[in-house]
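If you read the protein sequences in the order shown, they are chains H and Y. First residue of the first sequence? That's 1 in our numbering, and the numbers climb one at a time after it. First residue of the second sequence? That's 1001 in our numbering, and the numbers climb one at a time after it. Think of the CB as a built atom: it goes at the ideal place given N, C-alpha and C, for glycine as much as any other residue. What follows is one structure encoded as structure tokens, with my remarks underneath.
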Amino acid sequence: DTEVTQTPKHLVMGMTNKKSLKCEQHMGHRAMYWYKQKAKKPPELMFVYSYEKLSINESVPSRFSPECPNSSLLNLHLHALQPEDSALYLCASSQGPAAGGLNEQFFGPGTRLTVL
Amino acid sequence: TQLLEQSPQFLSIQEGENLTVYCNSSSVFSSLQWYRQEPGEGPVLLVTVVTGGEVKKLKRLTFQFGDARKDSSLHITAAQPGDTGLYLCAGYTDRGSTLGRLYFGRGTQLTVWP
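Written out as structure tokens, the structure reads:
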């Protein structure tokens, strides 16, 4: 099973709302990632969790708050977003660099976020 | 800094034509991954190349990794409308501060017309 699931599929929120994006994988992967993607552009890395600890934060604004409750779950908490934050938010997972090997990343289907 | 230069950015061709997409870098990668993405969906991993000079085939798609592991190409033979999508190359390096990170090219938007 190489599936990464994300919920919700679509999300519309106002600038004062608080919402959360959820990601789940059951491949035993120990690294999980959040990416932001604008139309027809490559994904931009936001956060990396390795063994449930935040290992990379790409200077993302504090209105985005990641959380990794366990090795299978990854959340992204959203608060006071701006319209320019509207994008496709992708979650990915991999074995993790410490495991050696290819560390291939498998992506979920994404959450299409619209901020009004 | 764009570590991976991907070209062309846009490609619009007729069904049955052949095409090649290139990814070039001055950096050495441990591996290079190719993804295909359809609108509103996540990227789907097509192949990973690891060894310099490696060639992998996936039906009508042929992937090659350069001898020095700095560049890669994707060749599609007899393109079909179902090949339409955004093709992304991504280089992986496991050195130091770049731990666990993929470096994406800008992507190639391919449209194949019937």
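- Our two residues, Ser72(H) and Glu52(H), have alpha carbons roughly 9 Å apart in a direct line.
- One thing to note: Gly110(H) has its Cβ no nearer than 9 Å to the Cβ of Ala31(H).
- Inter-residue distance for Glu1015(Y) and Asp1083(Y) is about 10 Å (C-alpha atoms, whole angstroms).
- Within the segment 102-113 of chain H, the residues whose Cβ lies closer than 7 Å to any Cβ of chain Y are, in chain order, Leu102, Asn103, Glu104, Gln105, Phe106, Phe107, Gly108, Pro109, Gly110, Arg112.
- Straight-line spacing of the CA atoms in Val1050(Y) and Phe1065(Y) works out to 7 Å.
- Taking a C-beta distance under 9 Å as the contact criterion, Lys22(H) and Gln6(H) qualify as a contact pair.
- According to the DSSP assignment, Phe47(H) belongs to the beta strand (DSSP E) that extends over 44-50.
- For Gly1105(Y), there is no enclosing beta strand (DSSP E), as DSSP marks it with neither H nor E.
- Distance from the Cα of Leu1011(Y) is smallest, within the candidate group Val1055(Y), Ile1076(Y), Ala1090(Y), Arg1101(Y), for Ile1076(Y).
- Residue-level contact by beta carbon fails for Gln25(H) and chain Y, as no gap is shorter than 9 Å.
- Taking 3 residues as the shortest admissible run, the segment 1041-1106 of chain Y contains the following complete beta strand (DSSP E) segments, listed from N- to C-terminal end: 1044-1049, 1055-1058, 1061-1065, 1071-1076, 1085-1093, 1101-1104.
- DSSP lists Leu76(H) as the beta-bridge partner residues of Pro66(H).
- Contact between the segment 58-75 of chain H and the segment 33-47 of chain H is present, with at least three C-beta pairs closer than 8 Å.
- Taking the C-beta atoms as reference points, Leu1110(Y) is found no nearer than 9 Å to Tyr1035(Y).
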